[in-house]
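**Q**
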Amino acid sequence: MLETRFRITTPRRFLPFAVIPAVTTSVTTSVATSVTTAVTTLATAVTAIAFAASTAWAAAPTAYVTSEKAGVGVIDLDQMSLTKTFPVGADGPRGLSLNKDGSRLLVANKNTGDMAVIDTASGQVVQRVKIGKNPEYVRVHNGYAYVTYEPGEEGGPPAASGANAGNGKPGADDDASKPPAEIAIVDMKTWHVIRSVTSGHETEGIEFSRDGKSMLVTNEGDDTISVYQARTGAPVRTVKLAAGGRPRGIRLSPDGKVYIVTLESLSKFVAVDAHTFEVLKTVDTKLGPYGVAFGPNGKRLFVAAARDKTVQVFDGHSYEHIADVPVGQRCWHFSFTPDGTKLLVACGRSDAVYVLDAQNYQPIKQIGELPLAWGIVTYPASDGSIESR
1 MLETRFRITT PRRFLPFAVI PAVTTSVTTS VATSVTTAVT TLATAVTAIA FAASTAWAAA
61 PTAYVTSEKA GVGVIDLDQM SLTKTFPVGA DGPRGLSLNK DGSRLLVANK NTGDMAVIDT
121 ASGQVVQRVK IGKNPEYVRV HNGYAYVTYE PGEEGGPPAA SGANAGNGKP GADDDASKPP
181 AEIAIVDMKT WHVIRSVTSG HETEGIEFSR DGKSMLVTNE GDDTISVYQA RTGAPVRTVK
241 LAAGGRPRGI RLSPDGKVYI VTLESLSKFV AVDAHTFEVL KTVDTKLGPY GVAFGPNGKR
301 LFVAAARDKT VQVFDGHSYE HIADVPVGQR CWHFSFTPDG TKLLVACGRS DAVYVLDAQN
361 YQPIKQIGEL PLAWGIVTYP ASDGSIESR
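Throughout the sequence shown, residue numbering follows the UniProt record's numbering, covering 1 to 389 in sequence.
1) With H, G and I counted as helix, E and B as strand and the rest as coil, what does DSSP make of G348?
2) Say yes only if the C-beta of V258 is nearer than 7 Å to one or more non-hydrogen atoms of the ligand MG, and no if none qualify.
3) How many Å lie between Q366 and I386 at the Cα?
4) For R94, which three-state DSSP category applies?
5) Does the region 248-256 touch the region 229-238, meaning 3 or more C-beta pairs lie closer than 8 Å?
6) Can you tell me where the beta strand (DSSP E) with A373 in it begins and where it stops?
7) Could you tell me if residue 397 is buried or exposed, where buried requires 16 or more neighbouring beta carbons within 10 angstroms of its beta carbon?
8) Could you have a look at R231 and say whether DSSP puts it in helix, strand or coil?
9) Excluding the 5 residues flanking V258 on each side, which residues of the same chain have their C-beta closer than 8 Å to its C-beta?
10) DSSP has W67 in a bridge; who is on the other side?
11) List the residues that DSSP assigns as beta-bridge partners of A242.
12) Got a sec, what are the start and stop residues for the beta strand (DSSP E) Y144 sits in?
13) Which residue from D315, D255, C331 puts its Cα closest to that of L287?
14) Report the three-state DSSP secondary structure of D308 (helix, strand or coil).
15) Check whether the Cβ atoms of I75 and A60 sit closer than 8 Å, and answer yes or no.
16) Leaving out five residues on either side along the sequence, give the residues of the same chain with a beta carbon under 7 Å from the beta carbon of G92.
17) Is the CB-CB distance between I185 and Y137 below 8 Å?
18) Please list the terminal residues of the continuous beta strand (DSSP E) segment that includes M215.
19) Excluding the 5 residues preceding and the 5 following P179 in the sequence, name in chain order all residues of the same chain whose CB lies nearer than 7 Å to its CB.
20) Quick check on I194: does DSSP put it in helix, strand or coil?
21) For Q79, count the other beta carbons within 10 Å of its own beta carbon; 16 or more makes it buried, fewer makes it exposed. Which is it?
22) What did DSSP end up calling D339 once you bin it into helix, strand or coil?
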């Protein structure tokens, strides 16, 4: 390579100066800068791809179904098929709820007396929170998980006997002599139970007021609704319902004015004023109503009449009966798909989820291999008997 030399005049002397070293430095710096830029660009691209993949995964419509014998079934809602099952051993999973971004599924396990925290991406149990005997219902609210458990119960209503056999009503029991149920409040940052709230007997459903400040629970064993401050668990009041009704499901209306409560043994539901807690209306249903929810637009009210193998449809304002939809056996809970086009009904004694058209209520298919299916929720969140958006 030719080397060009210049003479640079200074007050003292002439100095030879080569251009090549400067060019080399420039080239070296340029190459280093280019490499650094390329690496940075590559890292940014990889991060973007990973984020996009994560977002795509999180946004994929999915239903989670607790199966008391198999674990948690995962249903691809685009394909309407069971794609996998998250094993939780012989824990007897029942109530379930998702955190806000859908990355954690919380499951109440009857046999192990705990709440399992499942990473929905891997299906692995990443945390277990000890709750107490017979945990059943779970709701996530404002960064806390609320879990019902029953120190004095073995789980489920007593078996029908005598005069009640065959009429869909449970038999007599001695609820008053047993310890009351409790509600564990779990901080979802630390996964510690921060307090436990004494409730009524056989606490079933959980709902929150429109402003999020109040928690309401149904107490099947003593025919009441208990009202608490959601954050502290401080009792506010107890609402007495019809004797022998065994209240189970509870859901707030979309306008926040009325709570709908199903009375399993009386085969009715009541509309309760959300401010005065007065019973505004009592409506007959088919046998054994449990899960209840308003449809996505609030125009229809849906009730799972489990002992009559029926989902009933009522007007969401007048509560006039509209339709009866045949389903399977022991269908306690249900959820709409996130787009509101289908209704998914978990039917425990049919070991399946029944898929219905949400507009005309016609059956679409059954998704099996879910022995003793208990509850169902979706991500993205949708309206249903356990959770509502």
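Even glycine gets a Cβ: it sits at the ideal position worked out from N, Cα and C.
**A** According to the structure shown:
1) For the purposes of this step, residue 348 is identified with residue 348 of the sequence shown, where counting begins at 1. Looking at G348 - three-state DSSP - the assignment turns out to be helix.
2) Among the components of this structure there are no ligands whatsoever, and the ligand MG is therefore not found.
3) To locate residue 366, count along the sequence shown from 1; it is residue 366. To locate residue 386, count along the sequence shown from 1; it is residue 386. Going by the C-alpha atoms only, they are around 20 Å apart.
4) The residue given as residue 94 occupies position 94 in the sequence shown. In the structure shown, R94 sits in a strand (DSSP, three-state: E or B).
5) Counting C-beta pairs with one atom in each stretch, the region 229-238 and the region 248-256 have fewer than three that are closer than 8 Å, which means they do not touch.
6) Looking up residue 373 in the sequence shown gives position 373. First-last of the beta strand (DSSP E) with A373: 373-379.
7) Nothing in the structure corresponds to residue 397, since the chain is present only between 1 and 389.
8) Mapped onto the sequence shown, residue 231 falls at position 231. Coil, per DSSP.
9) Here residue 258 refers to the residue found at position 258 of the sequence shown. Non-local C-beta neighbours of V258 in its own chain, meaning closer than 8 Å and more than five positions away in sequence, comprise L252, A271, V272, D273, A274, L280, ordered along the chain.
10) Taking the sequence shown and counting its residues from 1, the one referred to as residue 67 is at position 67. The question names Trp, but residue 67 in the sequence shown is Ser. Looking at the DSSP output, S67 sits in a beta bridge with G71, A373.
11) Here residue 242 refers to the residue found at position 242 when the sequence shown is read from its first residue. DSSP, once it has assigned bridges, lists no residue as partnering A242.
12) Your numbering for residue 144 matches position 144 in the sequence shown. 144-149 is the extent of the beta strand (DSSP E) around Y144.
13) Within the sequence shown, numbered from 1, the residue matching residue 287 stands at position 287. Selected option, being the one with the closest Cα: C331.
14) One-based indexing of the sequence shown puts residue 308 at position 308. In the three-state scheme derived from DSSP, where H, G and I count as helix and E and B as strand, D308 is classed as helix.
15) Working through the sequence shown from its first residue, we reach residue 75 at position 75. Working through the sequence shown from its first residue, we reach residue 60 at position 60. Contact check for I75 against A60 fails: the beta carbons are separated by 8 Å or more.
16) Here the question's residue 92 lines up with position 92 in the sequence shown. Taken in chain order, the residues that qualify are E68, N109, K110, N111.
17) Residue mapping note: residue 185 aligns to position 185 of the sequence shown, counting from 1. Residue mapping note: residue 137 aligns to position 137 of the sequence shown, counting from 1. Contact flag unset, no.
18) Here the question's residue 215 lines up with position 215 in the sequence shown. Annotation for M215: the continuous beta strand (DSSP E) segment containing it runs 214-219.
19) Within the sequence shown, numbered from 1, the residue matching residue 179 stands at position 179. Excluding the 5 residues flanking it on each side, P179 has same chain C-beta neighbours closer than 7 Å at P151, G152, in chain order.
20) In the sequence shown, the residue the question calls residue 194 occupies position 194. DSSP places I194 in strand when its eight states are reduced to three.
21) In the sequence shown, the residue the question calls residue 79 occupies position 79. So Q79 counts as exposed.
22) Here residue 339 is taken as the residue at index 339 of the sequence shown, counted from 1. When secondary structure is reduced to three states using DSSP, D339 falls in the coil class, being assigned neither helix nor strand.
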